[in-house]
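These protein sequences, in sequence, are chains A, B, C, D and E.
Adding 90 to a residue's 1-based position in the first sequence gives its number in the working numbering.
Adding 65 to a residue's 1-based position in the second sequence gives its number in the working numbering.
Adding 11 to a residue's 1-based position in the third sequence gives its number in the working numbering.
Adding 19 to a residue's 1-based position in the fourth sequence gives its number in the working numbering.
Adding 241 to a residue's 1-based position in the fifth sequence gives its number in the working numbering.
Where is the CB? At the ideal position from N, CA and C, for every residue including glycine.
The model shown is predicted, which means the values in this text are computed figures rather than measured ones.
Notes follow once the structure below has been shown.
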Amino acid sequence: MTQTATSERPDDGYITQDGRKIGGMLMEMRNITLRFGGVVAIKDISFNIREGEIRAIIGPNGAGKSSMLNVISGFYHPQEGDVIFRGEKRPRMKPYQVARLGIARTFQNIALFGGMSVLDNIMTGRLTHMRAGLVQQALWWGSAQREEVKNREKVEKIIDFLEIQHIRKTPVARLPYGLKKRVELARALAAEPKLLLLDEPMAGMNVEEKEDMSRFILDVNDEFGTTIALIEHDMGVVMDLSDRVVVMDYGKKIGDGTPDEIRNNQAVIDAYLGVAHD
Amino acid sequence: QDLHFPSLSYRTGPFAAGGIPFADGYSDYLTLINERDGGIGGLRIRQSECETAYNTERGVECYQSMRGDAPMVLQPLSTGITYQLIPRTIEDQIPMHTMGYGRTSAVNGEVFNWTFNYPATYWDAASVFINHVLAENSGDLSDKKIVLLYHNSAYGREPIRTLERLSETHGYTFLSIGVDSPGQEQGSQWLQIRRERPDYVIMWGWGVMNPTAIQEAANIRFPMENFYGNWWAGSEQDVRAAGEAAHGYKSLAMHRTGRDYPIYDDMQQYVIDAGLYAGTGEEVGTVLYSRGLYAAMLAVEAAKKAQEIHGVTEITPAMMRDGMEQLEITEARMAELGLPNFGPAFSVSCQNHSGSGEAMIQQWDANAQTWNLITDWIAPDRDLIMELVAEDSLAYAAENAITPACLN
Amino acid sequence: MPDQFYYALEVALNGLTAGVMYALVALGFVLIFKASGIFNFAQGVMALFAALTLVGLQDGQIPFSHLINAIFGTELHNFGWNMPTLLAIPATMLVMVAFAWAVERLILRHLINQEPIILFMATIGLAYFLEGFGDIMWGAEVKRLDVGLPQGMSGALEEFTFQTFGYGFYLDRLDIWAAGIAAALVVSLTLFSQYTKQGRALRAVADDHQAALSVGISLRAIWVLTWAIAGFVALVAGIMWGSKSGVQFSLSLIALKALPVLMLGGFTSIPGAIVGGLMIGVGEKLFDFFLQPVIGGATENWFAYMLALAFLVFRPQGLFGEKIIERV
Amino acid sequence: MLDAGRPDTTLLEVNNIEVLYNHVILALKGVSLTVPQGGITAILGGNGAGKSTTLKAISNLIHSERGEVTKGSVLYKGQNIVGKSPADLVSTGVIQVMEGRHCFEHLTVEENLLTGAYTRRDGRGATAADLELVYEYFPRLRERRKSQAGYTSGGEQQMTAIGRALMSRPEMILLDEPSMGLAPQLVEQIFEIVKRLNDEQGVTFLLAEQNTNVALRYATTGFILESGRVVMEGSAEALRENPDVKEFYLGMSDKGRKSFRDVRSYRRRKRWLA
Amino acid sequence: MLYREAGDFKSTYTADNQTFPIKFDRNAYYLTMAVAFGVVPFIINDYWAQAVVIPFLIYAIAALGLNILTGYCGQVSLGTGGFMAVGAYAAFKIMTAFPGLNIVLVIVMAGLVTAAVGVLFGLPSLRIKGFYLAVATLAAQFFLVWLFTRVPWFFNFSASGQINAPTRTLLGVPVTGATASSATVYLICLFFVVALAWLARNLTRGTLGRSWMAVRDMDIAAEIIGVNPLKAKLTAFAVSSFYIGISGALLFTVYLGAVEAGEVFGIDKSFLVLFMVIIGGLGSILGAFLGAFFLIVGPVLLKLLLVDNLGWPTDLAAHLEIMIIGALILIFLIAEPHGLAALWRTIKEKLRLWPFPY
Ligand SMILES: Nc1ncnc2c1ncn2[C@@H]1O[C@H](COP(=O)(O)OP(=O)(O)OP(=O)(O)O)[C@@H](O)[C@H]1O
Ligand SMILES: Nc1ncnc2c1ncn2[C@@H]1O[C@H](COP(=O)(O)OP(=O)(O)OP(=O)(O)O)[C@@H](O)[C@H]1O
Ligand SMILES: [Mg+2]
Ligand SMILES: [Mg+2]
């Protein structure tokens, strides 16, 4: 393990400044290396995510942050290194199998299903919870219909939660950027994930909207105990929300620790922050 | 008040080039009868045309649109449509004439009461061809190799059985090579032919397949005079596109062509000069135009026969059928009509809906741009064909619970 | 049995030339796909239309005479002159340019930034329209096309191979010409699209219409240009195929022979069209040659597709196609 | 180049435009803006306010999304440019960097940049020099210049899109959310570039930006859009000092910057228009 | 106001999930059903039934099927003709092997056989995408047709390679063969259409439909969210082929009665059905009907107008007909790229807002 000593905590978790209890290891990345032809996107990186934590990944453009999320969600398969999920080494899996483990995410370049309504997009997020078979669905039999209604109720809660009731039936292609981001979050939430991966959830939002978004993220973490890993370039958001931060640069890890530690880490300041960030 | 003679034509689609002159010839003859004779037995002919584009479903649509309108006789002009219409025409009591195409076993009028295919069928054609080459080789084909180049469809596969049976009798080596529709691409087929070095190639082609084949034959320097087409591969459209290369190509002919018949004097006077002709006027006298004209002539003759049998001028389709079943075309009658020796003399009966089955051989002269007949009427091996017909038609009867019987 | 070997060799050789003929049609597809992301279903009909126009001009046919005659009861057919081939070909090319212009003006302009399937559909509408239009304009009968290209067996080759191997190989002279023309086309088109500013713009348009607009690429100019070039390629294909079997409706169906070629070579690769054509040509001819005794002939139609399919399973973008970018 | 000394002449004037998408969705309900020559003008506003629509209406890219300007006019140097093709506009000197990057995926980064010079007629040398300049601005692009743009990271694509626009040597750039997805250092750097181009070459900027903080620091004037209408306009300083702007766009309360953690309720958005 | 949506609120999610959420639409639907089942069979004449209505219904089924695959799941297929042939030949083999079998059952079984074949040819879709897949499905088209013309077992060794549908009865009334009345055939087809449209509607609004659409809109994202692409694509192929098989079986058994694979199920059939789907509107059940209507009824109406009313020569009319169809396709696409169904929606949206534009 190449954790910096300062950020290492006892394995059974820790208590954050605002009094939340963080549990044991949910996911550990061990010595991950990912290459695309000659490009090394991730170079021997290790870090972990604990249960209930808000974990930020930051770094300059092209550092390999999104690639890291792609490794976690099984879209990229690293050439070297292991992904440990809940204490067990995760075998090579297809992305949809990873999703079934309870890992949901949003994407940097919005990846909504453009031809579907907002409601349908979010319902798709619940796919991993649906069981009805083909024939049942075709005939719209009792259980299929009941399942649909039950899941719809949950989705409606999320819709209320994210305040997107008014666009429920709008095709997402027509939505402005910010609302799309919100729908994407809703879709990920609908999966009721254990681990939620957010790739720049607040890009393209103004402060007011970022405040809203922050609130949502905190509430999800609070209410459902969802663990969150997020990539974000807005340092205000990162420093305020996250419990621990990983910093990447050119595929390498250059820092890992609490926001305060990162803020004062000279390597991070040089590579990314530019000025010491308050 | 009038007699309805519909025409299911195809002036569009991949086979339009063949469909247009036929439809024009058919129409012009009927127009002539109207203009010159005032119709049939004093009753004027009403023509209608429906475009099938050689497409089965459109053919069915056409059939539906005309069947309530007392059509005297249907000429579907496509093997596919014929198969569709055989059961329907039985139900609707409308006679169908498939002249030199369609279902060959309809020769058996006891099973196929409403379908006629005089004056000759595909199986006749295959047999005529073999008889012709037999004659050329003084009755011995035992060391010969014959290739059938066929359009890979129900139409093209028709003669295979006959040719196989005949090869057993005459001892020639038989090989069939299929060409996929539409047939613009026959490189490998002709390479194979070049390798096999057959003595004769007979082609069951249609549409663009024909000129392509002729061109390819010329390319591999296959002797053109040993290359034969059936009567759907023997029109000007087929040879002209191949230009010089087609010189010497031969084909079967079930009737004569050209404008040198007395009837064209009337045609000129009543139809062409009057501006009543159906097409551009350019194709008058060509092979397929003549075929349309011939088909119309046979239809009109059958109608006259029906009027004669039933003693009324206003005949129904069912009466027309009777006329067709008792149709007799003699040399004298053809001469009377201004078409001396135009087709074979034949008569139809309930047992034989196909007439005589005779055909001639014609040869293309690329310099003069004409088809020249090089033989007289050649008769097919009727015994064998009747045997094959019985086999196939009785099987059909069994399958469809038909008890073979004549209608009257 | 050395003969069998020579036969097979001959079949393969003829497969190569057949493949070139397919590639001629496929080139038109590739051009338009590369330049605008449009899968141009009308390419076959364009070849037909170009050939019809060429013959019509050569023979001095009056366009729309059938329609005019039907409406006004006139008797128009021919102008009474024959246009020399050297004049008729550029004249046809002008018609194809006008066609390209009309396509841009009336159709493509209104469909900027639409999904590929919709543009595909539009080309289907265009194919229908053009097919009817061509028939009305020039008539539906079979026409003979002769631009003076040599045809028939290449005697020299047969002679030579007979001397050398004791077996005379067959090759059609028209096919040899086709190969030469195709090679010239491929080289010039590749140079154009790979090394010119316009070429780069074409590829940009295919990726993203809107972004292309935003950097000032005039979609209109680009589209007229590519459709005109595709029209030219269609004319070449029309001439070659038309010389073989006459000009009439079925000519438009050669597009179906180009599809597997396209798929194998990759929709975006000009050299791919040639390589794909050669592979398909040889593959289908040899397959037919070896397996005809076992499963019967006429396998060419499906074999070409199956071969392409087999390759695609390993390379989903075709042999030389641009890799499909999959990222999130 | 332009004479940068007279920032008071109006370069672009948008008069009361309405934009309709798909014949039914009214996205702009009468927006008027003026952009002084040689200035940096910012359009601010929440998600869906109509910022992008306004920019696309000006550059006429709206047309390719089945939208149209149904009312009003857009005057560039006094000439109405509604309906003029985007290509012509680029030749006139107006270029837009679209929201969401829009790189040519299959082209390499360098080819992407070169397409930016498509309309230029001043020869290869000048283009090469500008390419060098862009690489200087964004060294990361130089490293990745042979990669297909589709495989580069979000930020790299954003740099490519901006660099591509610079390659056309425009008089006026419409920038739609240039800072989106860029690392903080780079955001500052982009705005420095904007400022430099503005100062040195007199390039006029109209930018839609969510990062109000930075935008108002660099801009000279600003407009705030809400639901397809302009609800506030003024000089950048004036906007910066406005208490509403401060609270909703800058995230400042009376007690200075507040933590994102401390925000408690969602429903606080104030509407300037009822 | 003619058309209103306002004031039509739902209080349960089931109600909100209705097929026709707007009362006006719902009533229009009930009325259509009542007329289709209760009135049309008694007044329809043979021409309209045989030439227009029955083919329309049969092709609507095929279009529904292809729409599931192409419109909902985004897998462009040009193998429709081949799959229809599978349905027809399966029906023929089953019919002749088990003469006593209920015809409805025969048709459903033919659909199941086609579904299996569809899955087989759907396997490459896991790797091949977009137009490449479209062209790859042509392999299925050509291969299947070749098989049915080449292997005599499929046509019971008949001499010409044609297959003929023997007469079969349902409740004592003949439904196949020439003796079947138009009304009977119409009702059979209508029954299948209504039942299949209902099933399609259920499938597409549920989980499966959403995973299809997710794969269509962005397959990678769909997979990362938890959609198993293998399952989604293959079910789409299966369901779609099931529909197409039924349509082919109906075309053969109750409509044409005699069929030869190369002629009836050629490549143009694949294109025809694809055109229907795209013109009608991808991903819309209504669109399948509108598209089938446009391409089946349109030409007939045009022909009636040009030939029967205006008396134009048939060839000129036929050429004009394809020109007009082509032009109409283009005009519709330019007016609304997402097909007739979307055009209809836009019109409704406008109607709803009328008389106050936007
Ligand atoms: N292509 C389109 N079709 C239909 N409606 C659209 C389209 N594009 C935008 N809209 C609508 O126009 C309105 C304004 O959108 P616009 O994209 O201009 O907002 P924006 O201010 O740029 O928002 P953001 O900050 O999220 O980018 C929105 O309500 C949106 O729904
Ligand atoms: N599929 C791929 N093929 C080739 N190179 C890739 C691929 N995916 C990512 N890369 C490269 O790997 C590097 C890291 O990319 P990544 O998207 O992870 O960056 P990032 O940290 O998310 O940056 P940003 O903040 O700009 O989004 C980049 O240089 C990118 O070009
Ligand atoms: Mg990223
Ligand atoms: Mg925007």
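Query	Result
Cβ-Cβ distance between VAL226/C and GLY135/D below 8 Å	yes
Neighbour-count burial assignment, GLN15/C, 16 or more Cβ in a 10 Å radius	exposed
Minimum Cβ-Cβ distance from PRO296/E to chain B less than 8 Å	yes
MET32/C versus SER261/C: straight-line alpha-carbon distance, rounded	15 Å
Between the CA atoms of MET132/C and TRP289/E - distance to the nearest angstrom	29 Å
Any C-beta of chain B under 8 Å from that of LEU20/C	no
Which of helix, strand or coil DSSP assigns to GLY171/A	strand
Residues of the segment 92-104 of chain B with Cβ closer than 8 Å to any Cβ of chain C, in chain order	none
Near ligand 4: LYS70/D beta-carbon under 7 Å from a heavy atom	yes
Same chain, Cβ closer than 8 Å to TYR215/B, five either side skipped, listed in chain order	GLY221, ARG222, PRO224, ILE225, SER241, ILE242, GLY243, VAL244, MET268, TRP269, GLY270
DSSP bridge partner residues for ASP346/A (one or two, in chain order)	VAL336/A
Exposed unless 16 or more other CB atoms sit within 10 angstroms - verdict on ILE439/B	exposed
Contained beta strand (DSSP E) runs [length at least 3] in the segment 156-236 of chain A, N- to C-terminal order	170-175, 193-195
Length of the line joining the Cα atoms of ALA499/E and ALA406/E	6 Å
Test: GLU590/E CB closer than 8 Å to a CB of chain D	yes
Which residues DSSP lists as bridging ALA377/E, in chain order	The partner list for ALA377/E (beta bridge, DSSP) is empty, contrary to what the question assumes.
Segment contact, 8 Å Cβ cut-off, at least three pairs: the segment 41-60 of chain D with the segment 237-257 of chain D	yes
Close beta carbons around ALA441/E, own chain, < 7 Å, minus the five adjacent residues each side	LEU305, ILE309, ILE526
GLY173/D beta carbon near ligand 3 (any heavy atom closer than 7 Å)	yes
Local conformation of THR73/D per DSSP, three classes	helix
Distance between beta carbons of THR231/D and ARG63/D, contact taken as under 8 Å	According to the sequence as given, residue 63/D is Leu; it is not Arg. Yes, LEU63/D and THR231/D are in contact; Cβ-Cβ is about 6 Å, under 8 Å.
Cβ-heavy atom distance, VAL114/C to ligand 2, below 7 Å	no
Distance between VAL416/E and THR410/E (C-alpha atoms, nearest Å)	5 Å
Neighbour flag for GLY320/E against chain C, beta carbons, 8 Å	no
Cβ-heavy atom distance, ALA263/A to ligand 4, below 7 Å	no
CB contact below 8 Å: PHE165/A versus chain C	yes
Three-state secondary structure (DSSP) of GLU126/B	helix
Any C-beta of chain C under 8 Å from that of ALA276/A	no
Cβ-based contacts, 8 Å cut-off: residues of the segment 38-57 of chain D near chain E	LEU39, ASN41, HIS42, VAL43, ILE44, LEU45
Cα-Cα separation, THR420/E to THR408/E	8 Å
Between the CA atoms of ASP330/A and ASP350/A - distance to the nearest angstrom	10 Å
8 Å Cβ cutoff met for ILE265/C and GLN249/B	yes
Close beta carbons around ARG180/A, own chain, < 6 Å, minus the five adjacent residues each side	VAL173
Backbone secondary structure at CYS430/E - three-state DSSP	helix
Three-state secondary structure assigned by DSSP to SER423/E	helix
Contacting residues, own chain, Cβ-Cβ under 6 Å from THR378/E (five flanking each side not counted)	SER318, LEU319, GLY320
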